[in-house]
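Undergrad: Okay, handing you the structure first.
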Amino acid sequence: MWRRAACRVAAGGFVLFHAAVAHADVADFVGKPVQSIRLVMEGGEASDARLLQLIETPVGQALSMLAVRESAAHLYSLGRFDDVVVHADAAAGGVALVFELVPVHPVTRVVLGGSVDAPGIDAGQLRRALTERFGGSPLATRALDMVRLLEGQLRQRGYLRASVASRVELEHAPHRATLTLTIAAGERTRVGTVEVIGSAGMADRELIDRIGVSPGSPYEAAALDERIERYRDDRRQRGYLEARLTASVRLADDDRVAHVALNAAQGPRVRLEFAGDPLPDDRRDELVPIAREGSADEDLLEDASNAIEEYLRGQGYRDVSAAHTRAESAGELLITFTVKRGPQYRVAGLEISGNASIPLAAFQPRLRLREGQPFASSLLEADVALIEDLYRRSGFALARAEPVIEPVPGPADATQVLVTVRMSVTEQAQTTVSSVRIEGNQSVPEARLRDGLGLQPGRPFYVTQLAIDRDAIQLQYANLGYPGAMIVGNPGLSTDETQADVVFTVSEGPRVFVDHVLIAGNTRTSTETIERELQLKSGDPLGLEAVAESQRRLAALGLFRRTRITELGHGDETTRDLLVAVEEAPATTIGYGGGLEVRQRRTVESGVADERLELSPRAFFEIGRRNLFGKNRSVSLFTRVSLRPEDSVVVPGVPQTEAGYGFSEYRLLGTFREPRVLGAEADAFLTGTVEQQVRSSFNFARRAFSTEVARRLTPRVSAGGNYQIQRTELFDEKIAPADKLLVDRLFPQLRLSSFSFSIVRDTRDDALNPGAGHYSSANAQLAARRIGSEVGLAKSYLTAQLFRRVPRTNDIIFAASARLGTAVGFPRDVALVDDDGRAVRGPDGQPIVETIKDLPASERFFAGGDTTVRGFALDQLGTPRTIDQNGFPIGGNAVVILNGELRVPLFGGVGVVGFIDTGNVFARTADIGLGQLRSTVGFGVRYRSPVGPIRVDVGFKTRRQELVAGTPEQRYAVHISLGQAF
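Residue numbering for the sequence shown follows our numbering, starting at 48 and increasing by one per position.
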């Protein structure tokens, strides 16, 4: 880029001097004051005022050729111009400068013409090849490369004499170009004669048909190579690992005919046998990968012998041998691995001596050799390295651990041999740090550089720490704008090597500052949005950490496919330009998909709740628009529809019938996001929701609007506040009238206005499929009549989750979760009304007033299902006070859920889990009691698919109850869904 810019600037310099000759003496220009500056683009004035900020020859300053070149280089570095030419003319009292800018015209449209309909030519495939190679908006200067790509693609389809012509049509305001690629395919090459040389293990005619090169057919080199590879794969799967097939092509008749010779050699069929001592069946393919590699060459077999021996040595068989032989007869190659394990060596005891300075307890828990375990040399070597490393970190640079292996006397033909491992430690002298000095630091105080160093007076000297501290000092200088700083660390060891007077010698070099910040590539995103994320501006020291943080912040915006920050030098070693090049991502995103939900749900049979499996197809569609108005604002719309059986709408007393599917469940969610609202480090969200959902004991329709402000306090902790107003309507209620809460009878349509606050701490390594870390959250909600709510309540929900990899296992994950929800309703006096809306009066003629303290149905807690207690169907967990007389859930004011599971990977993304879930729903917070928790155990299968973990869980109740007299609970529940349970 710089070489090209220099050429353009040099060309500009020639024009400058040429103009000088026409209007004045050349010497009269250099040193003359600049009277005016104009930026011209395609015959008009360039209106972008920011371009003038890049000019190094301001009005009134004496003209300098160096300043002119730097100005042109700044403009060219933006990536917006193909050329920058500088003109000069004499003006009253000085010189007038004109910067002529030739804009880049990105190709926004590629037109394929000519023989696009010829047989075998797929215009769509050609377009995809162009996009994959050159992107969606290629440069017009890449036209020749695009021509070569298309000609290569056409040759693969048999058009060996094809040619492609290119033509670029420029457009202005906006600057863009249309690239037309005209294809002249010519005559397609066809197969002439086909000859089979050798034996392919099948008739020649069959091979020719499988390879697809019959005489007269089009000759397509890529397709021919693909079919040959399929033949090889087929032969290898049948055991012919040495099968070979190649094609030799001879062109004739001016490349119109291709004569093909197929050179085939099926080779012997390979059979693998293991003799001698047994080898685990599930490890054989891994240790002897001839089927996977499709080869049986000697190098691979030798590696397999070594792999078997290394594997068994790790099991304690020190004297193992796994020789292999090859025997070929009657068209079969027999490969035999003869495994002789010998006796298994086990550790009878581990003794360590000579460790006077470091107690055994400091390293013994980390040793890998254990008494009673198989002895392996690799484990011993690891333990020796661990002990020596611990000594070096403690200042014993010359410490050594010498192991001795002593067999315990026993029978000569014993299948097990016990060994005692003795390690003798020779400590040598310990080196401690006497002093730490930093010399040569002129710009940075020594105290600042020493802060955080690992080497400190009185501590052990560790040579690796010397290098770490040297790099830490160098990083400090780099962050302060000294990219060329050199640091040399000298340990300063005493004669007896017991003391270290550490000296770091600094050669600072020049400090580099940012001259200009050049932003290129943004067409929709405003420059201000990008500048806001940059941690550097003109005049700042060019610090490494600031550049990296700027890069991270730009990537976090989610607006760009790629971002790159490059330093541009221009002669002065103390200043550099910063080029921020971005490639914008599409502004509009679209997603869609479908699925099938399988769950157990409550149904009415003879007036009593029962459970049955329900299949519910579902589909979703979402569309989003980011980068609104050039800022990092975004708006999105998410829609979801679920086809549920018509009998999801249940009326008590009316028999259910199978009536097919209907659109009984849907959700529309619109969100607007405003980042850094009011200049604060917080994001604001406006969300509107329209939904209709099916629950176990009622269905509901909801309209809601919320506004939220969220802020990330640390990389792991975030907090948010929310205001929401919603209207919820209950219908198709299945709860028995006698058990129906008063709040649901009086407010079938409820307006709820509430504030909520949440805080989250998340250290998980993967949000979808975590293997390590913690997740904890706390949410508090308050609704009150004073802010427009028809009922008042206070609600909290706490979550704590833990994920750990079980030590010494093959990535087995232990996961645990605890959830606690509590709520209380605020009392409200309400006058009772009858079905016609008239006030209900008492014997004294006064309206009857009832006090409501219950939570509305939409705010009560429910449990049971695939993410809570998996031995219960959806919402079916509860105490007798939270279940009606027919077995339908009413919900409660408190919930406790405890989960624990082991996630065991098996193969190919498949794994199994075992789990224990405990919990319950309580009518009141005061009712919470550990004795009332219900437990379930179960197992499940997981498959790690491209769309996330697919899981199937089966949970079993440890103790069945009869919440409805005479009707015991089902013993188990089945759940099929996406994602982990928690």
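Using N, Cα and C, we set each Cβ at its ideal position, and we do this for glycine too.
From ASP329, ASP300, VAL296, PRO315, pick the residue whose C-alpha is nearest to that of HIS306; which is it?
TA: Nearest C-alpha to HIS306: VAL296.
Undergrad: Tell me, please, whether the CB atom of GLN203 is closer than 9 Å to any CB atom in chain B?
TA: Given the protein chain composition of this structure (a single chain), no chain B is represented.
Undergrad: Going by beta-carbon coordinates alone, are ALA308 and VAL243 separated by less than 9 Å?
TA: In contact: ALA308 and VAL243 (Cβ atoms closer than 9 Å).
Undergrad: Could you say if the stretch 541-548 and the stretch 598-617 meet the contact criterion of at least three C-beta pairs nearer than 8 Å?
TA: no
Undergrad: According to DSSP, what are the bridge partners of GLN796?
TA: GLU776
Undergrad: DSSP three-state label for GLU1016, please.
TA: coil
Undergrad: Tell me, to the nearest whole angstrom, how far the beta carbon of PHE794 is from that of GLU837; I am working on the premise that it is less than 8 Å.
TA: Confirmed, about 6 Å.
Undergrad: Helix, strand or coil: how does DSSP classify GLU198 here?
TA: Three-state DSSP puts GLU198 in a helix.
Undergrad: Who pairs with LYS842 in a beta bridge, going by DSSP?
TA: For LYS842, which the question treats as bridged, DSSP gives the partners GLN828, ALA870.
Undergrad: With 16 as the cutoff for other CB atoms within 10 Å, does HIS152 come out buried or exposed?
TA: buried
Undergrad: Can you tell me whether GLU428 is buried or exposed, with buried defined as 16 or more other CB within 10 angstroms of its CB?
TA: Exposed, by the Cβ-count rule.
Undergrad: On a Cα-Cα basis, can you pick out the residue from ILE930, LEU101, ARG917, PRO817 that is closest to THR983?
TA: ARG917
Undergrad: Please determine, among ALA886, LEU288, LEU760, GLU728, the residue with the shortest C-alpha to C-alpha distance to GLY378.
TA: LEU288
Undergrad: Taking all protein chains shown into account, decide if ARG907 is buried (16 or more other Cβ within 10 angstroms of its Cβ) or exposed.
TA: buried
Undergrad: Okay, do the stretch 387-405 and the stretch 466-473 touch, 3+ Cβ pairs below 8 Å being the bar?
TA: yes
Undergrad: Rounded to the nearest angstrom, what separates ARG811 and THR846 at their Cα positions?
TA: 14 Å
Undergrad: Within 8 Å: the Cβ of ALA270 and any heavy atom of the ligand NAD?
TA: Here there are no bound small molecules, and the ligand NAD is not part of this structure.
Undergrad: Exposed or buried, what is ASN679 when buried is set at 16 or more other beta-carbons lying within 10 Å of its beta-carbon?
TA: buried
Undergrad: Which value, in whole angstroms, describes the spacing of the CA atoms of VAL1101 and ALA729?
TA: Nothing about residue 1101 can be read from this structure; the chain reaches only from 48 to 1029.
Undergrad: Looking only at its chain, what residues have a beta carbon closer than 7 Å to the beta carbon of GLY419, apart from the 5 residues adjacent to it on each side?
TA: Correct list, in chain order: ARG393, VAL394.
Undergrad: Let me know the secondary structure DSSP gives LEU298 once reduced to three states.
TA: strand
Undergrad: Which same chain residues end up closer than 7 Å to GLN796 when comparing Cβ atoms and leaving out the 5 residues on each side of it in sequence?
TA: ARG774, GLU776
Undergrad: From the DSSP output, in three-state form, read off ARG283 for me.
TA: helix
Undergrad: Near VAL550, which residues of its chain fall below 7 Å by C-beta distance, leaving aside the five closest residues on each side in sequence?
TA: ARG484, GLU486, ASN537, GLY539
Undergrad: In whole angstroms, give me the CA-to-CA distance for VAL698 and PHE668.
TA: Note that VAL698 has pLDDT 43, beneath the 50 cutoff, so the model's placement of it is unreliable and the number below is only indicative. Distance between the alpha carbons of VAL698 and PHE668 is about 32 Å.
Undergrad: Tell me the rounded alpha-carbon separation between TRP49 and GLY107.
TA: Residue confidence for TRP49 is low, a pLDDT of 34 falling below 50, so the modelled location carries little weight and cannot support an answer.
Undergrad: In the DSSP assignment, the alpha helix (DSSP H) including ALA119 goes from what residue to what residue?
TA: 112-124
Undergrad: Under the assumption that VAL764 contacts ALA731 (Cβ atoms under 8 Å), give the Cβ distance between them as a whole number of angstroms.
TA: No, VAL764 and ALA731 are not in contact; Cβ-Cβ is about 19 Å, not under 8 Å.
Undergrad: Mind checking who VAL535 pairs with in its DSSP beta bridge?
TA: THR552
Undergrad: Please work out which residues of its chain come closer than 6 Å, Cβ to Cβ, to SER803, disregarding the five sequence neighbours upstream and downstream, and give them in chain order.
TA: ASN769, GLN828
Undergrad: Return yes when the Cβ of LYS842 is within less than 9 Å of the Cβ of VAL871, no when it is not.
TA: Taking 9 Å as the Cβ cut-off, VAL871 and LYS842 qualify as a contacting pair.
Undergrad: Rounded to whole angstroms, what's the CA-CA distance from ALA1020 to VAL1001? Just pull it up for me.
TA: 6 Å
Undergrad: Given that a residue counts as buried once 16 or more other Cβ atoms are within 10 Å of its Cβ, and exposed if not, what is LYS781?
TA: buried
Undergrad: Spatial neighbours of SER490 within its chain, please: CB distance less than 8 Å, with the 5 preceding and 5 following residues excluded, ordered by chain position.
TA: LEU527, TYR529, GLU555, ARG558
Undergrad: Going straight from the alpha carbon of GLY233 to that of PRO262, what length do you get?
TA: 20 Å
Undergrad: How far does the beta strand (DSSP E) with THR188 in it reach, from first residue to last?
TA: Taken as a continuous stretch (DSSP letters only), THR188 belongs to no beta strand (DSSP E), as it is neither H nor E.
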